[in-house]
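Asks: This structure is in structure tokens; I'll ask about it shortly.
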Amino acid sequence: MNSHAFHPRRRLFFRTLAAAGAVLVAGCDKLSRTEWFPKLLSNTEILTRKAQRAILPRKSMAQEFPESERSPEFRSNGTAMPENPQYKALASSGFAAYGLEVGGLVEKPVIFSLEELRALPSRTQITRHDCVEGWSAIGKWKGVPLMAVLEAVRPSAAARYVVFHCADPMESDGSSPYYESIDMDDAYHPQTILAYELNDKALPIANGAPIRLRVERQLGYKHAKYVMRIELVDSFEKIAGGKGGYWEDQGYEWYAGI
Amino acid sequence: MALRIAIGSNQEKFMDQSSDAGRTAANYLYYRHTLPVRVMHWINVIALTILLMSGLNIFSAHPALYWGKSSYTGRPPILEIESATDASDKVTGITRIFGHEFITTGVLGASNGPNGNLVGRAFPSWLTIPDGRWLAMARQWHLFFAWIFVINGLCYVAYSIVSRHLARDLAPTGTELRSIRESVVDHLHFRHHSGEASKRYNVLQKLTYLIVIFVLLPLVILMGLAMSPGFDTLWPGWVDIFGGRQSARTIHFIVAWLLVAFVLIHVFEVLITGLWNNLRSMITGRYRVEAEVSK
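Chains as they are written, first to last, in this note's numbering: chain A, 954 to 1211; chain B, 1103 to 1397.
The following block contains the structure:
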């Protein structure tokens, strides 16, 4: 067999390769739009969560940084000013009338004013915020550990998730308020705080004033801003899209540890 | 020459009717790749292709790379892909590397979208999964095939050790290591082993496979895990060994392209050393050994 005999075959090979590539891209896009395939892919989330929970100690700590590593400015992403008249009214009076309602599956529902939250024990941490888009920023947060708030309201035994209802509507008509949820492992984690200060100043509106969640072992979208109400539930299936958060309802993972 | 489907043990020889004049012995088919290696090779082809393409879609959500622990350190990004739209709605693709700006319209920053019109996006749609910007779906693809890739890779390493594929076929001998210089010269002249020697990998091939299997692939996985805020808590600060999370993301990106470079060279070598023979040996396991030319 001489080498010339390869040429038509070689051409065939490249054509097959190009055709296979086109079929791959088109096929993947078709699959992405089916109902069953993304469902199959999303099983990975369970595997990832179980693997991480198996490998990592329950109270494994996120890295904390020295002051010198702080990002000069902490980037605001998503909502910078909630288009919500009630929120704007609260903001214009410096959140004096703000009350954080903590209820649901608890023995003693409580509404905390900002003053009361500040009077609880606080934690300060300089941590890295990892956005699902790929960027990171390092900021110094001060807030009340969620654990302290939960101890005050005493969750009932049936409570499995903590849901954060927020003030920022995600649709231009003022609907679809942002919300998020975490499980009890993260809720009782020492670095999980309701932050009211960023970089030694009152939390700016662009970063979630007056209260934003910090849940340091997960990606940025879990860190709900403009938290107005906290609800303990046994299931989040009945809330909004049923996936446990605004971005989760858009197809992002509920467990955002990766 | 009619292709023969060889069924039998490793050393079975098959007479080749088309043996050319001037050869002392007949050509024969040699069982070169075992079934597990072949299966794992093709799983890897699919997984790495999807990982690359979905990875480029994920990258497009924030098309900039940094060195350090965060993206906002006061220093500019190492690489940045942007699109700019002027007053007449003309889209331009801009790529900035270490502060040097290049117009890359058509490829990076702006390229023809699924509908054929120029749109602003980091990588062209034919190179990404899904074709349009869809971070949530790209992550689903990426993380699913990351698991397949990792499990496949672990199976491969375990199999290679147990079956002695690693010791027998991949580990270079001392003699081979001393002949690296000749092997480099041979490769540069596109001279390749024939006859009995073509049954074995050559020394550059062995070293390249070892670097890919034991350096690049573990590194790309590790740097992927370094981006996980969950996995980072395993031992707080471990990502700083690699310069921090944003450095890890940059390394992940660079190693992905090093793997692309490896695949290009690999496919090139497959082409020039006998496309169909190599392809058959990775599908059926049988490699046609040309009998040595008598001198």
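For every residue, glycine included, the Cβ atom is placed at its ideal position computed from N, Cα and C.
How far does the beta strand (DSSP E) with P1098 (chain A) in it reach, from first residue to last?
Replies: First-last of the beta strand (DSSP E) with P1098 (chain A): 1089 to 1098.
Asks: Quick one: which chain B residues come within Cβ less than 7 Å of W1088 (chain A)?
Replies: Under the 7 Å cutoff, chain B gives H1164, S1173.
Asks: Between the Cα of R1266 (chain B) and those of B:H1135, B:Y1130, B:L1131, B:N1129, spot the shortest distance and give me the residue it belongs to.
Replies: Here the closest residue by C-alpha is B:H1135.
Asks: Could you list which residues in chain A have their beta carbon closer than 7 Å to that of T1246 (chain B), in chain order?
Replies: Contrary to the premise, residue 1246 (chain B) reads as Phe rather than Thr in this sequence. Chain A residues near F1246 (chain B): L994, T997.
Asks: Specify whether the segment 1129 to 1148 of chain A and the segment 1108 to 1119 of chain A touch according to this definition: at least 3 beta carbon pairs, one from each stretch, less than 8 Å apart.
Replies: Cβ pair count under 8 Å is three or more, so yes.
Asks: Would you identify the three-state DSSP class for R964 (chain A), choosing helix, strand or coil?
Replies: Looking at R964 (chain A) - three-state DSSP - the assignment turns out to be helix.
Asks: Do P1200 (chain B) and L1210 (chain B) have their C-beta atoms closer together than 8 Å?
Replies: It should be pointed out that residue 1200 (chain B) corresponds to Phe in this sequence rather than to Pro. No, Cβ-Cβ distance for F1200 (chain B) and L1210 (chain B) is not below 8 Å.
Asks: For L1097 (chain A), go through chain B and note every residue whose CB falls closer than 8 Å to its CB, in chain order.
Replies: Before going on, a small fix: residue 1097 (chain A) reads as Val here, not Leu. Under the 8 Å cutoff, chain B gives no residues; its nearest Cβ is about 22 Å from V1097 (chain A).
Asks: When you compare only the Cα positions, how much space is there between I1180 (chain B) and A1101 (chain A)?
Replies: Roughly 43 Å between the two C-alpha positions.
Asks: Roughly how many angstroms lie between the CA atoms of G1346 (chain B) and V978 (chain A), to the nearest whole one?
Replies: Answer to the nearest angstrom: the Cα atoms are 33 Å apart.
Asks: At a cut-off of 7 Å, is G980 (chain A) close to the ligand ADP when judged by its beta-carbon and the heavy atoms of the ligand?
Replies: Judged by which ligands are present, the structure shown has none, so any question about the ligand ADP falls away.
Asks: Pull up the CB-CB distance for L1450 (chain B) and L1312 (chain B), whole angstroms please, since I reckon it's below 8 Å.
Replies: Outside the shown range of chain B (1103 to 1397) lies residue 1450 (chain B), about which nothing can therefore be said.
Asks: Once the 5 residues before and after R1382 (chain B) are set aside, which same chain residues still bring their CB inside 8 Å of it?
Replies: The answer, listed in chain order, is L1105, R1388, Y1389, R1390.
Asks: Measuring straight from C-alpha to C-alpha, what distance separates A1044 (chain A) and V1059 (chain A)?
Replies: Computed Cα separation, rounded: 29 Å.
Asks: Going by DSSP, what residue range makes up the alpha helix (DSSP H) through M1142 (chain B)?
Replies: 1137 to 1161 is the extent of the alpha helix (DSSP H) around M1142 (chain B).
Asks: Beta-carbon within less than 6 Å of Q919 (chain A)'s beta-carbon, same chain only, minus the 5 sequence neighbours each way: which residues are those?
Replies: Chain A is shown only over 954 to 1211; residue 919 (chain A) falls outside these bounds and no answer can be derived.
Asks: Could you compute how far the alpha carbon of S1046 (chain A) sits from the alpha carbon of Q1039 (chain A)?
Replies: Taking the straight line joining both Cα atoms gives about 11 Å.
Asks: Taking C-beta pairs closer than 7 Å, name the residues in chain B that V976 (chain A) reaches, listed in chain order.
Replies: The premise fails here: V976 (chain A) is roughly 12 Å from chain B at the closest Cβ pair, so nothing lies under 7 Å.
Asks: At 8 Å on the CB atoms, spell out the chain A contacts of I1145 (chain B), in chain order.
Replies: In chain order: nothing, as chain A lies at least about 15 Å away.
Asks: Residues of the segment 1067 to 1094 of chain A with a CB closer than 8 Å to any CB of chain B: list them in chain order, please.
Replies: Residues passing the 8 Å Cβ filter: R1081, D1083, C1084, V1085, E1086, G1087, W1088, S1089, A1090, I1091.
Asks: Kindly identify the DSSP beta-bridge partner or partners of A1212 (chain B).
Replies: DSSP, once it has assigned bridges, lists B:G1222 as partnering A1212 (chain B).
Asks: Can you tell me where the alpha helix (DSSP H) holding D1202 (chain A) begins and where it ends?
Replies: D1202 (chain A) -> alpha helix (DSSP H) spans 1199 to 1202.
Asks: Taking the continuous alpha helix (DSSP H) assigned at Q1242 (chain B), which residues delimit it?
Replies: First-last of the alpha helix (DSSP H) with Q1242 (chain B): 1237 to 1264.
Asks: Would you call the segment 1229 to 1248 of chain B and the segment 1192 to 1210 of chain A in contact, with 3 or more CB pairs under 8 Å?
Replies: With the cut-off at 8 Å, the segment 1229 to 1248 of chain B and the segment 1192 to 1210 of chain A touch.
Asks: Below 8 Å, can you find three or more Cβ-Cβ pairs linking the segment 996 to 1006 of chain A to the segment 1140 to 1148 of chain A?
Replies: Judged by Cβ distances under 8 Å, the segment 996 to 1006 of chain A makes no contact with the segment 1140 to 1148 of chain A, as fewer than three pairs qualify.
Asks: I need the straight-line Cα distance from Q1348 (chain B) to V1341 (chain B), nearest angstrom please.
Replies: Spanning the two alpha carbons is a distance of roughly 9 Å.
Asks: Show which residues of chain A have a CB atom less than 7 Å away from the CB atom of G1222 (chain B).
Replies: By Cβ distance, chain A contributes nothing, its closest Cβ being about 16 Å from G1222 (chain B), past 7 Å.
Asks: Give the DSSP-derived three-state secondary structure of D1138 (chain A) in the structure shown.
Replies: Correct three-state label for D1138 (chain A): helix.
Asks: Below 8 Å between beta carbons: does that hold for N1219 (chain B) and A1149 (chain B)?
Replies: Cβ atoms of N1219 (chain B) and A1149 (chain B): not closer than 8 Å.
Asks: Would you say S1330 (chain B) lies against chain A (beta-carbon separation less than 8 Å)?
Replies: Taking Cβ atoms only, chain A reaches closer than 8 Å to S1330 (chain B), which makes this a yes.
Asks: In or out: N1217 (chain B) buried (at least 16 other Cβ within 10 Å) or exposed?
Replies: Exposed, because fewer than 16 other Cβ atoms sit within 10 Å of the Cβ of N1217 (chain B).
Asks: Which same chain residues, not among the five before or five after F1364 (chain B), have their C-beta less than 8 Å away from its C-beta?
Replies: Contacts found: T1310, V1314, L1318.
Asks: Quick one: what's Q1348 (chain B) bridged to in DSSP?
Replies: Note: Q1348 (chain B) sits in no beta bridge, so no partner.
Asks: Would you say M931 (chain A) lies against chain B (beta-carbon separation less than 8 Å)?
Replies: The question about residue 931 (chain A) has no answer, for chain A in this structure spans 954 to 1211.
Asks: Does the beta-carbon distance from A1120 (chain A) to M1034 (chain A) come in below 8 Å?
Replies: Taking 8 Å as the Cβ cut-off, A1120 (chain A) and M1034 (chain A) do not qualify as a contacting pair.
Asks: Just checking: is the beta-carbon of W1243 (chain B) within a distance shorter than 8 Å of some beta-carbon in chain A?
Replies: Chain A, which has a Cβ nearer than 8 Å to the Cβ of W1243 (chain B), makes this yes.
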